[in-house]
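Sequential numbering from 18 applies to the sequence shown in the working numbering.
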Amino acid sequence: VDRDGNPNRRTSLNMLERKAQSRLPNGRIFLAENAWQEIEVWVLAGHDLPANWSWQSIRSEINPKENYFLPFAKLRGLLDEPGQGRKTLASETAGRYWRVRQRCPEDVLALEEKLKMKLSISSG
Numbered sequence: 018v019d020r021d022g023n024p025n026r027r028t029s030l031n032m033l034e035r036k037a038q039s040r041l042p043n044g045r046i047f048l049a050e051n052a053w054q055e056i057e058v059w060v061l062a063g064h065d066l067p068a069n070w071s072w073q074s075i076r077s078e079i080n081p082k083e084n085y086f087l088p089f090a091k092l093r094g095l096l097d098e099p100g101q102g103r104k105t106l107a108s109e110t111a112g113r114y115w116r117v118r119q120r121c122p123e124d125v126l127a128l129e130e131k132l133k134m135k136l137s138i139s140s141g
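What follows is the structure in structure tokens.
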């Protein structure tokens, strides 16, 4: 889930998790994590970006999809693909998870920690 610049999204996700958990059968879990920006930022994190782009600028941009992702997809010649290059670029990023983890630690590490905690509770 991306937060689209909404600083209160985490509260909404916590409520969604509690609601889903109350309806799921035992042994099932539902997790929601708050990506800092749009998912396209995670996709960009897995790629070698143009030399004149700053990762800090991408992370602080309120509209990264429009100002970074779409120009990158255009640069790669993928805008005419269904999803404007998301499938191809996301597939490439999947093989570089370590890079996403390194560039987006406040998102990815939070999700990893939540998974570890939930999995240790359910297996313990």
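Where a beta carbon is used, it is the ideal one built from N, C-alpha and C, also for glycine. Keep in mind it's a predicted model, so treat the numbers as computed, not measured.
Item                                                                                                                   : Value
Three-state secondary structure (DSSP) of TRP70                                                                        : coil
Straight-line gap, ILE75 to GLN119 (C-alpha atoms, nearest Å)                                                          : 15 Å
TRP47 in three-state terms, based on DSSP                                                                              : Here the sequence assigns Phe to residue 47, which means Trp is not the residue at that position. DSSP places PHE47 in coil when its eight states are reduced to three.
Selected residue, minimal CA-CA separation from ASN51, among LEU128, LEU132, GLN38, LEU106                             : LEU128
Segment contact, 8 Å Cβ cut-off, at least three pairs: the stretch 87 to 97 with the stretch 28 to 47                  : no
Beta-carbon separation (whole angstroms), PHE86 vs LEU61, contact threshold 8 Å                                        : 6 Å
Pick from LEU48, GLN73, ASN31, THR28 that is closest to MET134, judged by C-alpha positions                            : LEU48
Residue from GLY102, GLU57, LEU33, ALA90 whose Cα sits closest to the Cα of ILE79                                      : GLU57
Residues of its chain near GLY63, where Cβ-Cβ distance is below 7 Å and the 5 sequence neighbours each way are ignored : GLU109, THR110, ARG113, ARG116, VAL117
Every unbroken alpha helix (DSSP H) within the stretch 63 to 138, with a cutoff of 4 residues, ordered by chain        : 72 to 77, 87 to 92, 103 to 111, 114 to 120
Enclosing alpha helix (DSSP H) for ASN25 [first to last residue]                                                       : ASN25 -> no alpha helix (DSSP H), and no H or E assigned at all.
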